[in-house]
Amino acid sequence: MNQEKTQGQLLAEQLLYKAPIVADKDTSAVELANEFCEGYKVYLDESKTEREAVEYSVQLLTQAGYKPFVPGTCYQPGDKIYMVNRGKALIAATIGSYGLERGAHLNISHIDAPRIDLKPSPLYESADLALLKTHYYGGIRKYQWTATPLALHGVVYKADGEKVVINIGEKPGDPVFCITDLLPHLGAEQNARTLKGGITGEELNILVGGLPYEDEAVKERVKLMAMKLLNERYGITERDFARAEIEAVPAQKAADVGLDRSFVGAYGQDDRVDAYAALIAEIEVKNPAFTTICVLADKEETGSDGATGLQGMYVFHFMQQLCAAHGVDSITCFQASKCLSADVSAAFDPTFAKAFDPLNSTYAGKGLALCRYVGSAGKVGTNDAGAELMTYFTKLFDDHDVVWQTGEMGRVDLGGGGTVSKYVSKHDIDTLDVGVPVLSMHSPFEITSKLDVYMAYKAFKAFNETKE
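As numbered in this note's numbering, residues 215 to 682 make up the sequence shown, in order.
Structure follows, in structure tokens:
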């Protein structure tokens with residue numbers, strides 16, 4: 215028997231709000247999200263470094279008809295172009311029917327991820343073991359990277375200039391590598407350390423060999439044997455490490471997580487989850503009103519410095535050159551543009567609930583996270599989007615059935631985080647932070663909800679296709 219709602223219940227429905235679960239809000243999204251994330255898992259497996267992400271993204275772009283950007287060219291509406299920056303960052307764009315004086319729509323994410331880099335002189339022998347010395351990249355919790363299978367990815371340039379691509383630990387039958395940890399039986403002194411100092415940076419040494427070269431007259435025979443094997447496989451010498459960029463990343467593949475397979479578990483989802491969603495939305499746009507620009511940036515995890523980071527000028531030089539070829543003042547274009555700075559947010563974790571404000575957190579399975587501001591403490595380092603921009607995007611997403619939520623990065627004064635948004639908005643471009651909530655962020659095995667990944671894609675797609 216249906217009971218009529220009370221006046222209070224009706225008023226509560228009218229005035230109060232609770233972010234819905236995507237599966238309840240849009241039942242059709244479950245199947246669509248599962249399908250979308252099959253391609254996403256392939257992207258993660260093929261893109262474990264920023265260089266690999268660029269290479270695989272270019273494959274997808276060229277298959278979709280994109281052509282390399284030629285400065286000075288006056289492109290026509292519907293033309294699709296891309297530009298690679300030093301092999302580590304990428305811009306893809308579709309020319310809109312509106313002139314650039316009306317601005318562009320930018321979706322910007324990053325494709326670098328926390329990892330373990332080799333030092334310039336990494337290979338050494340100790341206690342008849344061959345090891346590699348490392349320097350970690352980005353904000354990692356060092357203890358999470360011990361006793362887990364690792365693969366080596368990267369590039370080496372030999373003395374004659376030949377480029378050699380390194381990839382060991384991914385193919386069936388490949389060996390993997392490991393940072394060892396101390397056994398609990400001997401861990402009394404280590405147990406007395408803080409969690410942060412449980413493993414130090416200088417203890418992140420990678421085990422790569424244990425067999426000696428057969429000539430007993432040689433010193434450091436295990437190191438020589440390891441170098442001999444690298445030389446046989448890649449033709450490199452120890453001196454070539456000085457010209458190398460080699461990264462240690464988790465060796466496992468992306469996988470479904472949960473009995474219901476509702477999550478994706480993989481390395482590098484911060485921020486390749488938003489990068490993939492934005493890239494596919496860019497590829498699929500046809501004849502947009504506004505020129506769409508998808509940026510896959512590097513160096514976000516270390517402050518966005520350098521020529522491939524968003525503190526550099528390559529994105530804005532690209533826009534300036536595009537404007538110049540079309541006879542448009544670039545400042546006018548910037549002032550009329552809008553940007554979604556797409557980076558992940560911290561998903562509320564009930565196991566560590568004290569780290570969050572439950573009313574102002576983002577949750578796995580509740581859609582795309584909109585973060586009006588980021589930063590730390592008193593919003594230090596934030597872009598802090600205005601109410602007008604929030605109104606524009608929330609209306610856009612509502613009109614296109616994008617399930618979204620809002621929140622912050624944990625409790626006030628506990629920590630915080632930054633994104634590239636402040637480096638975009640300083641060019642007078644209205645910018646809002648959005649992203650997919652992540653569990654176990656910055657760990658070797660991050661977890662995202664497939665529904666949230668799909669809603670991110672829908673959001674970028676709506677932004678690309680809008681005429682307003």
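Glycine included, C-beta positions come from ideal geometry on N, C-alpha and C.
Computed from a predicted structure; not experimentally measured.
Beta-carbon separation (whole angstroms), residue i vs residue j, contact threshold 8 Å
i, j, result
"Ile382", "Val369", "About 13 Å separates the two Cβ atoms, so there is no contact after all."
"Gly449", "Val436", "That belief does not hold up - the Cβ atoms of Gly449 and Val436 are roughly 21 Å apart, past 8 Å."
"Lys281", "Lys294", "7 Å"
"Thr633", "Ser551", "About 17 Å; that fails the 8 Å criterion."
"Asn299", "Thr522", "5 Å"
"His656", "Thr506", "That pair is no contact at about 30 Å."
"Ala278", "Ile497", "5 Å"
"Leu610", "Phe677", "7 Å"
"Arg625", "Ala569", "6 Å"
Buried or exposed (CB count within 10 angstroms, at least 16 for buried), residue i
i, result
"Pro502", "buried"
"Leu409", "exposed"
"Gly317", "buried"
"Ala462", "buried"
"Arg265", "buried"
"Gly511", "Here residue 511 turns out to be Ala, not Gly, going by the sequence shown. With 16 or more other Cβ atoms within 10 Å, it is buried."
"Gln466", "buried"
"Lys262", "buried"
"Phe566", "exposed"
"Pro658", "buried"
"Leu665", "buried"
"Arg407", "exposed"
"Leu366", "buried"
"Ser635", "buried"
"Asp326", "buried"
"Arg329", "buried"
"Ala601", "exposed"
"Val284", "exposed"
"Leu418", "buried"
"Ser335", "exposed"
"Tyr231", "exposed"
"Gln221", "exposed"
"Thr576", "buried"
Residue i at chain B interface by Cβ criterion, 7 Å
i, result
"Ile354", "In the structure shown, chain B cannot be found, because there is only a single protein chain."
Nonlocal neighbours in the same chain, by C-beta distance under 6 Å from residue i, ignoring five residues either side
i, result
"Thr662", "Val478, Gln483, Val487, Val650, Val652"
"Met669", "Gly581, Leu582, Val616, Val617"
"Gly630", "Gly589, Ser590, Met623"
"Lys593", "Tyr587"
"Ala599", "Arg586, Leu646"
"Phe607", "Leu646"
"Asp395", "Thr360, Ala361"
"Lys681", "Ala503"
"Arg457", "Tyr371"
"Ile643", "Phe548, Ser551, Cys553"
Same chain, Cβ closer than 7 Å to residue i, neighbours up to 5 away in sequence not counted
i, result
"Tyr254", "Val478, Tyr490, Val667"
"Ile494", "Tyr671"
"Thr605", "none"
"Glu403", "none"
"Lys513", "Asp326, Asp519, Gly520, Thr522, Gly523"
"Glu384", "Ala365, Ala465"
"Glu416", "none"
Range covered by the beta strand (DSSP E) that runs through residue i
i, result
"Thr348", "343-351"
"Glu315", "Run containing Glu315: none; DSSP gives neither H nor E here."
"Thr276", "Not the beta strand (DSSP E): Thr276 falls in the alpha helix (DSSP H), residues 264-277."
"Gly423", "420-423"
"Ile305", "303-308"
"Cys288", "Run containing Cys288: none; DSSP gives neither H nor E here."
"Tyr296", "294-299"
"Ile330", "329-340"
"Val370", "364-371"
"Asp470", "469-471"
"Gln358", "First-last for Gln358: undefined, no H or E at that position."
"Thr576", "No beta strand (DSSP E) holds Thr576; DSSP gives it neither H nor E."
"Thr596", "Here Thr596 belongs to no beta strand (DSSP E), and DSSP marks it neither H nor E."
"Thr620", "618-620"
Residue i, enclosing alpha helix (DSSP H) - first and last residue
i, result
"Cys251", "243-260"
"Asp238", "236-239"
"Lys609", "601-613"
"Asn678", "664-679"
"Ala226", "221-229"
Own chain residues within Cβ distance below 8 Å of residue i, not counting five before or after
i, result
"Pro572", "Phe562"
"Glu315", "Val542, Asp543, Thr546, Cys547, Ala550"
"Leu246", "Tyr668"
"Gln358", "Ser657, Pro658"
"His641", "Phe530, Phe548"
Legend entry - Contiguous beta strand (DSSP E) assignments of at least 3 residues, all confined to the region 481-566: 505-511, 552-556
Legend entry - In chain order, each beta strand (DSSP E) run of at least 3 residues that lies wholly inside the region 629-659: 644-649
Legend entry - Those runs of the beta strand (DSSP E) which lie wholly inside the region 428-465 and span at least 3 residues: 458-464
Legend entry - Runs of beta strand (DSSP E) wholly within the region 373-409 (minimum 3 residues, chain order): 377-382
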